[in-house]
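K.L.:
As given, the protein sequences belong to chains A and B, one line each in that order. Under the numbering used here, the first residue of the first sequence is numbered 22, with each subsequent residue one higher. Under the numbering used here, the first residue of the second sequence is numbered 39, with each subsequent residue one higher. No residue lacks a Cβ here, since even glycine has one placed at the ideal position from N, Cα and C.
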Amino acid sequence: MAHSSLSHRSNIILTNIETIPGKTIVQHLGLVQGSSVRAKHIGRDLAAGFKNLVGGELKGYTELLQEARQEATDRMVQAASQRGANAVVNVRFATSSLMQGAAELLAYGTAVKVE
Amino acid sequence: MEGLIILAILVGIGYFYGTRIEQQHFQSLQHRERQVQTLPTSCVGAKTPIPQAQAAELFVGSVVISSDYFKTFVASFMNLLGGRITVYETLLERGRREAVLRLQEQALAWGAKHLINVRIETAELGSNSGQGIIAVEVMAYGTGIK
């Protein structure tokens with residue numbers, strides 16, 4: 022896999038539970054979110070069209086969505102650090118398809134300060 | 039007539055390769071699932087006390103999996119009759135198992151002792167026009183603790 026963790030680029034801790042084990046939350050800083058809208062380019066679409074004949078994993082799309090999710094998470098982390106947070110708890114992901122060939126990936130969570 | 043022959047060839051290719059790919063995938067899933075058995079995975083975490091730990095990290099595993107021509111063809115007939123669409127059941131099962139496996143593998147690589155609050159989400163990628171590809175994205179995410 023390309024990356025082992027979504028928060029590898031920053032020192033902000035992410036979890037999807039309400040606490041950070043081993044640390045205590047000292048301050049809640051509110052909801053933060055990040056999103057990314059991506060479309061697949063035509064080359065990938067063509068390749069996927071061929072792959073659709075025999076089935077199986079569409080690696081190009083898997084990577085595309087992973088990149089988009091990473092970007093959405095990065096934006097969320099950026100918003101959190103602007104507020105002075107050092108962790109985001111209760112992170113949720115959502116995907117919605119906007120139109121044919123494009124999808125929005127959303128990441129949201131609660132920014133907190135932990136000690 | 040020519041159209042029918044082309045259709046038959048496409049369905050044939052889809053059946054031959056699609057079934058092989060599916061079998062290989064199930065074998066690989068079984069094999070890899072045995073390797074991650076050591077990682078306790080659960081959906082609890084929001085209201086249940088979690089095991090003592092020093093560090094936590096969010097992990098995501100995702101996969102985009104597509105139907106083959108044979109499945110799409112058969113499903114369109116099954117759709118007329120209603121009931122279980124068995125060809126898509128196995129497709130989604132593969133997607134879910136693969137996504138959870140990737141999540142577990144990443145958590146294990148990080149050194150997680152438990153994987154908690156796992157959530158699975160499915161998003162449709164194909165278009166509704168019937169023209170495009172039929173594919174679903176399955177993502178699984180959860181918190182690894184150690």
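Please list, in chain order, the chain B residues whose beta carbon lies closer than 7 angstroms to that of A/Leu74.
P.N.:
Leu48, Ile51, Gly52, Asp106, Tyr107
K.L.:
In whole angstroms, what is the alpha-carbon distance linking A/His24 and A/Asp95?
P.N.:
Any reading at A/His24 must be qualified, since the residue scores a pLDDT of 47, below 50, and its modelled position is unreliable; the value itself is stated next. Taking the CA atoms as reference points, A/His24 sits about 13 angstroms from A/Asp95.
K.L.:
Tell me which residues of the region 73-100 of chain A have at least one Cβ-Cβ distance to chain B shorter than 7 angstroms, keeping chain order.
P.N.:
Asn73, Leu74, Val75, Gly76, Gly77, Glu78, Leu79, Tyr82, Thr83, Leu86, Gln87, Arg90
K.L.:
Ignoring anything shorter than 3 residues, give me the beta strand (DSSP E) runs that lie fully in the region 131-165 of chain B, in order along the chain.
P.N.:
152-162
K.L.:
Any chance the region 46-59 of chain B sits against the region 80-92 of chain A, with 3 or more Cβ pairs inside 8 angstroms?
P.N.:
no
K.L.:
For A/Gly51, which residues in the same chain have their Cβ closer than 8 angstroms to its Cβ, ignoring the five residues on either side in sequence?
P.N.:
Beyond the five residues adjoining it in sequence on each side, A/Gly51 comes within less than 8 angstroms, by CB distance, of Arg104, Thr131, Ala132 in the same chain, given in chain order.
K.L.:
Within 10 angstroms of the Cβ of B/Ser114, are there 16 or more other Cβ atoms? Answer buried if so, exposed if not.
P.N.:
exposed
K.L.:
Runs of 3 residues minimum, wholly inside the region 73-122 of chain A: which ones carry the beta strand (DSSP E) assignment?
P.N.:
As far as the region 73-122 of chain A is concerned, its whole beta strand (DSSP E) runs of at least 3 residues are 108-120.
K.L.:
Please list, in chain order, the residues of the region 149-160 of chain B that have any C-beta partner in chain A closer than 8 angstroms.
P.N.:
Ile154, Asn155, Arg157, Glu159
K.L.:
So, are the CB atoms of B/Ala91 and B/Ile183 less than 7 angstroms apart?
P.N.:
yes
K.L.:
Report the neighbours of B/Ser100 on chain A: residues whose CB is nearer than 9 angstroms to its CB, in chain order.
P.N.:
For B/Ser100, the C-beta contacts it makes with chain A under 9 angstroms involve Thr83, Leu86, Gln87, Arg90, in order along the chain.
K.L.:
List, in chain order, every chain B residue whose beta-carbon is nearer than 8 angstroms to that of A/Ala69.
P.N.:
Ser104, Ile171, Ala173
K.L.:
I think B/His63 touches B/Arg132, with their Cβ atoms under 8 angstroms apart; what is that distance to the nearest whole Å?
P.N.:
The Cβ separation is near 5 angstroms, so the contact holds.
K.L.:
For the beta strand (DSSP E) containing A/Arg59, name the first residue and the last one.
P.N.:
Where A/Arg59 is concerned, the enclosing beta strand (DSSP E) starts and stops at 46-60.
K.L.:
Just checking: is the beta-carbon of A/Leu35 within a distance shorter than 7 angstroms of some beta-carbon in chain B?
P.N.:
yes
K.L.:
Reducing DSSP to helix, strand and coil, say where B/Lys109 ends up.
P.N.:
helix
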